[in-house]
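To convert a position in the sequence shown, counted from 1, into the numbering used here, add 192. A short worksheet on the structure shown next.
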Amino acid sequence: MDLEGAKLLIADSGNSFQCRVANFFRELKWSVLMSPYYVDSSTDKTRELDLIAEAAYSVKRVWIGPPINIRVRLFIECKYITQGAVFWLDSMDAARAHEWIYSRTPFVRGNIFSEEHHYLTQGEQVAKLFASERHKGEENDPIFRAVNQCLNGFIHSRDRETLVPYAEGEDLIELRYPIIICSAFGDFFRTSVRDAADPIAIKNNFLLEVDYAYFAEEGATREYSLVDFLEFGQLNAFIDSLEHEIEALSKQVGDN
């Protein structure tokens, strides 16, 4: 392979976009792990998650006690978009979304700060169906593959050790989220599950809601999930929403 061939290989690879995403988080002083591998329990095959990014936020206690750190861990699939897609939006299953927050995060039921979780501050509409241009059938759909890879990697990696070791005496709580970062939303459109509305362009980050089935040690399992779909150019807006959530959680745990 000559120099021009190497340039073409780089241009055609999704690795360049993955590196852009990794560098975005590094510039914000997040810890980043590139391409961690894991063993898929359903197939016994080794698979890859694009990135894990992690940041720690300290909490000021009202009362005396050990220091608290909120550790945010993002399990990231990077998707370089080369074709259009349409997403069908409908109302979020609010009961299941709240239950996920109460069971998977330190937010507690009945506390006003729990309503500041970023899943609940983006509006009631979430994507539930999708179809990509020139692809028929789920297995060939690049959005389907991205969602599957993201959630599979998240489920198999969410309990792994943190990137930054625990400090002695530290009281640590974690927020862990699966996210898909797209190179651009320029070819993404939305329509409605409830009526045959004309599609309109997607301009902002959004959530996809899915019942995800997978095999675990205990057998076949089904898990409610929400996945953040983020445009690379709007990552700062996502970080802002996370920091708003962290501020609310800090107020909740800092009083204890």
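Glycine included, every Cβ here is placed at the ideal spot set by N, Cα and C.
CB of Ala277 within 8 Å of CB of Ala323, strictly: In the sequence shown, residue 277 corresponds to position 85, counting from 1. In the sequence shown, residue 323 corresponds to position 131, counting from 1. Result yes, Cβ atoms of Ala277 and Ala323 sit closer than 8 Å.
Whole-Å CB distance - Pro298 paired with Val445, under 8 Å assumed: Counting from 1 along the sequence shown, the entry for residue 298 is found at position 106. Counting from 1 along the sequence shown, the entry for residue 445 is found at position 253. Their Cβ separation, rounded to whole angstroms, is 6 Å, which keeps Pro298 and Val445 in contact under 8 Å.
Cα-Cα separation, Tyr358 to Phe336: Your numbering for residue 358 matches position 166 in the sequence shown. Your numbering for residue 336 matches position 144 in the sequence shown. Each residue's Cα considered, the two are about 36 Å apart.
7 Å CB neighbourhood of Tyr416 in its chain, flanking five on each side removed: Numbered from its first residue, the sequence shown carries residue 416 at position 224. Closer than 7 Å at Cβ, skipping near neighbours: Arg288, Trp292 and Asp403.
Continuous alpha helix (DSSP H) assignments of at least 4 residues falling wholly in the segment 267-346: The qualifying runs are 286-296.
Given 8 Å, three or more beta-carbon pairs between the segment 311-318 and the segment 205-221: No contact exists between the segment 311-318 and the segment 205-221.
Length of the line joining the Cα atoms of Leu243 and Ala388: For the purposes of this step, residue 243 is identified with residue 51 of the sequence shown, where counting begins at 1. For the purposes of this step, residue 388 is identified with residue 196 of the sequence shown, where counting begins at 1. Those two C-alpha atoms are separated by around 37 Å.
Inter-residue CB distance, Leu241 and Pro228 (contact presumed, cutoff 8 Å): Locating residue 241 in the sequence shown gives position 49, counting from the first residue. Locating residue 228 in the sequence shown gives position 36, counting from the first residue. About 5 Å; that satisfies the 8 Å criterion.
Status (buried if at least 16 other CB within 10 Å, exposed otherwise) for Asp450: Past the boundaries of the shown model lies residue 450; the chain is included only from 193 to 448, so the question cannot be answered.
C-alpha distance - His310 paired with Asp194, whole-angstrom precision: As a first step, residue 310 is located in the sequence shown; it is residue number 118 there, counting from the start. As a first step, residue 194 is located in the sequence shown; it is residue number 2 there, counting from the start. Approximately 48 Å, taken between the alpha carbons.
Opening and closing residue of the beta strand (DSSP E) in which Phe381 lies: Taking the first residue of the sequence shown as position 1, residue 381 is located at position 189. Residues Phe380 to Ser384.
Beta-bridge pairing of Arg265 - partner residues as DSSP gives them: The sequence position of residue 265 within the sequence shown is 73, counting from 1. DSSP, once it has assigned bridges, lists Glu246 and Arg368 as partnering Arg265.
Which residues DSSP lists as bridging Val251, in chain order: Locating residue 251 in the sequence shown gives position 59, counting from the first residue. Ile260.
Whole-angstrom distance between Asn207 and Leu201, CA atom to CA atom: Position 9 of the sequence shown holds residue 201. Position 15 of the sequence shown holds residue 207. In a straight line, the C-alpha of Leu201 is about 10 Å away from that of Asn207.
6 Å Cβ shell around Val264 - same chain, five flanking residues per side excluded: For this step, residue 264 is matched to residue 72 along the sequence shown. For Val264, where only same-chain residues beyond five positions count, the Cβ hits under 6 Å are Ala247 and Leu367.
Selected residue, minimal CA-CA separation from Thr274, among Ile304, Thr383 and Asp379: As a position in the sequence shown, residue 274 is number 82, starting the count at 1. Considering only alpha carbons, the answer is Asp379.
Supposed contact pair Leu422 and Asn397 - C-beta distance, whole angstroms, cut 8 Å: The count along the sequence shown starts at 1 and reaches residue 397 at position 205. The count along the sequence shown starts at 1 and reaches residue 422 at position 230. That belief holds up - the Cβ atoms of Asn397 and Leu422 are roughly 5 Å apart, short of 8 Å.
Coil, strand or helix - Asp194 by DSSP: Taking the first residue of the sequence shown as 1, we reach residue 194 at position 2. When secondary structure is reduced to three states using DSSP, Asp194 falls in the coil class, being assigned neither helix nor strand.
Contact set for Asn340: own chain, Cβ-Cβ below 8 Å, skip 5 residues either direction: By one-based count along the sequence shown, residue 340 stands at place 148. Exclusion of the five residues before and after Asn340 leaves no residue of its chain whose Cβ lies closer than 8 Å to its Cβ.
Contact belief for Leu281 with Ser442 at Cβ below 8 Å, rounded distance in angstroms: Your numbering for residue 281 matches position 89 in the sequence shown. Your numbering for residue 442 matches position 250 in the sequence shown. Contact annotation, Leu281 with Ser442: C-beta distance approximately 32 Å; criterion of less than 8 Å not satisfied.
Short Cβ contact (8 Å threshold) for Phe346 with Phe267: Residue 346 sits at position 154 when you count from the first residue of the sequence shown. Residue 267 sits at position 75 when you count from the first residue of the sequence shown. Annotated as proximal: Phe346 and Phe267, with beta-carbon spacing under 8 Å.
Nearest-angstrom beta carbon gap, Cys270 and Ile180 [assumed within contact, 8 Å]: A query on residue 180 cannot be resolved here, the shown segment of the chain reaching from 193 to 448 and no further.
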